[in-house]
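One structure below.
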Amino acid sequence: MAELNLTAVDKIYQSRGKPPVHAVRSVDMAIGDGEIVGLLGSSGCGKTSTLRMIAGFEDVSRGEIRLGSRVLNELAPAERGVAMAFEGYALYPPLTVRDNVGFALLRARTPKAEIERRVAEIASLLEIGDILDRYPPTISAGQQQRTSLARALIRRADLSLLDEPMSQLEPQLRAILRARIKDFLIEHKMTTVFVTHDQTEALALADRIAVMEGGVLQQFAAPADLKERPANLFVASFIGEPPMNIMAGEIAGQEIVIRTVQGEKAFTLPAQAGDRPGEIRVGIRPHRVRVGEGPLKGQVVSNQWLGDQTHLGIEVEGVLLVAVTDGTLNIGIGEAVPVALPGDALHLFDAASGAALRHGEVSAA
Amino acid sequence: MDRSNPVTKILRGLALLAIGLFFLFPLFWVALMSFQTNEQILRIPPSIVFEPTLSNYWALISGRLVSTAGVLEIKFMGNLWNSVFLSTTSVALALILGVPAAYAFARFRFRLSEDIAFTLLSFRFAPPLLVLLPLSLYFQDIGLTDTYVGLIWVYQLIALPLILWIVRGYFEDISPDIEHAYRIDGHSWWKTFTKIALPLARPGIAAAALLSFIFCWNNFIFALILASAGKQPVTVGALAFVTASGIQYGQIAAAVILSILPTLLLALYAQRYLVEGLSLGAVKG
């Protein structure tokens, strides 16, 4: 168990005849001892490259990776004291599941009884006890993935790297295993970095989440902060389902003027004293849009009931917003509803840079 | 296709039989010839009823060819040994050079990697006669003419590209993550290569080795030009049976049978490694 520090880490892929690909750009991350960190982003955002640099399968183009007191950059993977679960499982085909899981312990000359005990423990945790004597080619993708995960977790290494650890599991099993794995990681104080594109998984498993896009670390924060205080427009629209409503607008004097897609004035919201005049983007999460009361006039354009909540598409004075309400709402398409956008739910972003200006500090006027 | 239709079934059976006869009959006939004397072979009409004789094989093994024109010394067993030695060492050398090279081409992108791989493949494009004249001149200059080393070196033109390209494909099919997993479990690069990459590519290596062995074994022109009788393999040695007093069909047939045997046995032996590849094929890439 140790802390992991990435300092100004860059990854540039050079290939002949093609322009170099800058996959990771100056990433700084300080991960505490025993902390569980999720790298979240869409495909090609640099999260897997980052993970592979930490593991030692990719050279670090610039910057430094440090685990505890050791600089990892020039160390071979074998010397790093890192365990990894691969997205493609990478099980040893000629070995049984049991031998695959216990492989690293065997190499570390762990006593046989101890290996057996730990294999049994991790097998019951990940529900692979019944397939321990089978061979990898004969088990399902989900079982292979859990075997791969078991092989990484059993080592209790200084640092565990998990690449899309639960992508092949059925949703129900995934929810159960998420909780169990988290307990296991906490119990053994295992510093863990996992890569995922599934934000539910990231939110549920991670102490802190690093959101990446275009090779740049957009924000590295606790799940609640990502939701409540997104650092920029990308994080704001990436985190949350359905995504945050983003409206174009401008601060003019005492009010925020919201415009339609065509650029015409739609409605105004009260501005705060510190707001500087200028072009902005205004965001509000769908579940914070209040339906049924308020000063704005909306018209329902879609109404989807999803079992425990209702997603409404509402056109508010020419601006299309998505609202989420609990339970069923009996509003037909085309009906008029009053809508309120509470001031404490608004997020303001700079239009040019996308950086956050403020997060709903002011109460509704 | 309608599998239950008996007419199609019979037709397919007949077609297979015809193909089988077409390809195997000459071999069968040669096998019969090898147990006959020249007179029996040349009688008209030919008959498959005859009194078998081992005289052809005996002549080959003892190295004394008795014909109407007298006794001729032949070195067929020496040729056979040359074939075995040249093919085996050539393939062994090509494996030592080619397998690590194939791994490098499969796993690493380095400057000129594709060009080097393609150049090696291009050795197979050129007709051997094209390179033979300059090669024989060079060989005379540096004293490699009529040496095993020279022949083994030239045989790399045959064996190396085959091994390189077949084995490279197999390495590319193995997920590099298996090697990564092994390395991160605390093993060196070399151990990963020998314990993970080589065993997983074994069916490919076996297939490539077998193919290049057969190609080396069947080579005729390199040995004909670059070596003299003492170093020549069976393919060239069989020319000795075309004598002043006629063509010794019986001995040629026996020589053919004897020279097929090693490759046939090798193919039968290597078969289980080729099949093994199927059971390991379930590695997700």
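Chains U and F are the protein sequences, given in the same order. Mapping of the first sequence onto the numbering used here: position 360 corresponds to residue 360, and the numbering continues sequentially without gaps. Mapping of the second sequence onto the numbering used here: position 161 corresponds to residue 1161, and the numbering continues sequentially without gaps. Even for Gly, the Cβ is constructed at its ideal location relative to N, Cα and C. Only a predicted model underlies this, so the values are computations on that prediction, with no experimental measurement involved.
Rounded separation between residue i and residue j - CA only
{"i": "A1253(F)", "j": "Y1148(F)", "result": "27 Å"}
{"i": "A206(U)", "j": "Y1170(F)", "result": "39 Å"}
{"i": "P1199(F)", "j": "R174(U)", "result": "35 Å"}
{"i": "A55(U)", "j": "M244(U)", "result": "35 Å"}
{"i": "N330(U)", "j": "Q309(U)", "result": "12 Å"}
{"i": "P1233(F)", "j": "S1090(F)", "result": "13 Å"}
{"i": "M166(U)", "j": "Q145(U)", "result": "7 Å"}
{"i": "I284(U)", "j": "G334(U)", "result": "23 Å"}
{"i": "V24(U)", "j": "T50(U)", "result": "7 Å"}
{"i": "N1086(F)", "j": "L1065(F)", "result": "Note that residue 1086(F) is Leu in the sequence shown here, rather than Asn. Between L1086(F) and L1065(F), the C-alpha separation is close to 25 Å."}
{"i": "A1104(F)", "j": "R1111(F)", "result": "12 Å"}
{"i": "G1186(F)", "j": "A120(U)", "result": "22 Å"}
{"i": "P286(U)", "j": "V21(U)", "result": "36 Å"}
{"i": "Q1248(F)", "j": "W1058(F)", "result": "14 Å"}
{"i": "R107(U)", "j": "G34(U)", "result": "25 Å"}
{"i": "Q219(U)", "j": "L233(U)", "result": "11 Å"}
{"i": "S302(U)", "j": "R70(U)", "result": "57 Å"}
{"i": "N73(U)", "j": "L67(U)", "result": "10 Å"}
{"i": "Q272(U)", "j": "S26(U)", "result": "35 Å"}
{"i": "T191(U)", "j": "W305(U)", "result": "41 Å"}
{"i": "T1088(F)", "j": "F1213(F)", "result": "7 Å"}
{"i": "F1125(F)", "j": "E1073(F)", "result": "39 Å"}
CB contact check: residue i to chain F, cutoff 8 Å
{"i": "A104(U)", "result": "yes"}
{"i": "A210(U)", "result": "no"}
{"i": "V21(U)", "result": "no"}
{"i": "M84(U)", "result": "yes"}
{"i": "R107(U)", "result": "yes"}
{"i": "H347(U)", "result": "no"}
Cβ-based burial, residue i [other Cβ within 10 Å; buried from 16]
{"i": "S1047(F)", "result": "exposed"}
{"i": "G307(U)", "result": "exposed"}
{"i": "K1191(F)", "result": "exposed"}
{"i": "F1108(F)", "result": "exposed"}
{"i": "N1005(F)", "result": "exposed"}
{"i": "E1039(F)", "result": "exposed"}
{"i": "D163(U)", "result": "buried"}
{"i": "Q1251(F)", "result": "buried"}
{"i": "E213(U)", "result": "buried"}
{"i": "L1265(F)", "result": "exposed"}
{"i": "R155(U)", "result": "buried"}
{"i": "I258(U)", "result": "buried"}
{"i": "I31(U)", "result": "buried"}
{"i": "I186(U)", "result": "exposed"}
Short CB-CB distance (under 8 Å) between residue i and chain U
{"i": "T1181(F)", "result": "At residue 1181(F) the sequence reads Ala, which differs from the Thr that was named. Yes, because at least one Cβ of chain U sits closer than 8 Å to the Cβ of A1181(F)."}
{"i": "R1272(F)", "result": "no"}
{"i": "R1168(F)", "result": "no"}
{"i": "R1109(F)", "result": "yes"}
{"i": "I1178(F)", "result": "yes"}
{"i": "G1285(F)", "result": "Caution is warranted here: a pLDDT of 34 is assigned to G1285(F), below 50, making its placement in the model unreliable, and the coordinate value is therefore given only provisionally. Answer yes: the Cβ-Cβ gap between G1285(F) and chain U drops below 8 Å somewhere."}
{"i": "D1115(F)", "result": "no"}
Residue range of the alpha helix (DSSP H) that includes residue i
{"i": "L1021(F)", "result": "P1006 to M1033"}
{"i": "V37(U)", "result": "Element bounds for V37(U): not the alpha helix (DSSP H) but the beta strand (DSSP E), I36 to L40."}
{"i": "M247(U)", "result": "Run containing M247(U): none in the alpha helix (DSSP H); it sits in the beta strand (DSSP E), N245 to A252."}
{"i": "K1231(F)", "result": "Premise fails: K1231(F) is in no alpha helix (DSSP H) and is neither H nor E."}
Continuous beta strand (DSSP E) stretch holding residue i: start and end
{"i": "Q14(U)", "result": "L4 to S15"}
{"i": "L162(U)", "result": "L159 to D163"}
{"i": "M53(U)", "result": "Taken as a continuous stretch (DSSP letters only), M53(U) belongs to no beta strand (DSSP E), being part of the alpha helix (DSSP H) at K47 to A55."}
{"i": "V21(U)", "result": "K18 to I31"}
{"i": "F267(U)", "result": "K265 to P270"}
{"i": "L296(U)", "result": "R290 to W305"}
{"i": "L320(U)", "result": "V319 to D326"}
Please list the residues of the region 1183 to 1209 of chain F that have a C-beta atom closer than 8 Å to any C-beta atom in chain U, keeping them in chain order.
R1183, I1184, D1185, G1186, H1187, S1188, W1189, I1196, P1199 and L1200
Cβ-based contacts, 8 Å cut-off: residues of the region 52 to 63 of chain U near chain F:
A55, G56 and F57
Please list the residues of the region 14 to 48 of chain U that have a C-beta atom closer than 8 Å to any C-beta atom in chain F, keeping them in chain order.
S15 and R16
Report the residues of the region 1148 to 1176 of chain F with a CB closer than 7 Å to any CB of chain U, ordered along the chain.
S1175
Taking only beta carbons into account, state which residues of the region 233 to 256 of chain U come closer than 9 Å to chain F, listed in chain order.
none
Under 8 Å (Cβ pairs) to chain U, residues found in the region 1059 to 1093 of chain F:
none
Going along the region 64 to 79 of chain U in order, which residues come within less than 9 Å of chain F, judged by CB to CB distance?
A76, P77, A78 and E79
If the cut-off is 8 Å on Cβ atoms, which residues from the region 89 to 104 of chain U count as contacting chain F, listed in chain order?
Y89, A90, L91, Y92, P93, P94, F103 and A104
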